[in-house]
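Presented below is the structure to which this report refers.
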Amino acid sequence: QDKDYVIIHIQNQAKNGDIVAALIDDEVTLKYFYRSRNQVRLESANPKYPPMIFKKGDTRSFRILGIMAGLVRRK
Numbered sequence: 002q003d004k005d006y007v008i009i010h011i012q013n014q015a016k017n018g019d020i021v022a023a024l025i026d027d028e029v030t031l032k033y034f035y036r037s038r039n040q041v042r043l044e045s046a047n048p049k050y051p052p053m054i055f056k057k058g059d060t061r062s063f064r065i066l067g068i069m070a071g072l073v074r075r076k
């Protein structure tokens, strides 16, 4: 939400179900991370947004900047 702070543990690896800070097309976003055999799926917490699928050989790519370690809510 607006004015919330997310604490990110900087690392480039993630496990299934982790919330990651990912760099996609020069934009940073927070998504749930899921890896299967030949693809990575990044899902938004908001169901209005479709998952982002990255398959081996895709020209579009992403980079994991870190995983969410905490959240500070501000009023």
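Residue numbers (the numbering used here): 2 to 76.
All C-beta atoms in this analysis are idealised placements derived from N, C-alpha and C, irrespective of residue type, glycine included.
Every value quoted in this text rests on a predicted model; they were computed, and no experiment measured them.
Practice task
State the beta-bridge partners of Thr-60 as determined by DSSP.
Solution key: None; Thr-60 has no bridge partner.
Handout entry: Nearest to Ile-25 (by Cα), restricted to the options Arg-42, Arg-38 and Asp-19
Key = Arg-42
Problem - Coarse secondary structure for Gly-71, derived from DSSP in three states - result: strand
Practice task
Would you list the residues sitting across from Leu-43 in a DSSP beta bridge?
Solution key: Phe-34 and Met-53
Problem - Per DSSP, cross-strand counterpart(s) of Ala-22 - result: Leu-31 and Gly-67
Exercise for the section: May I have the straight-line CA-CA distance separating Glu-28 from Ser-62, to the nearest angstrom? Expected result: 12 Å
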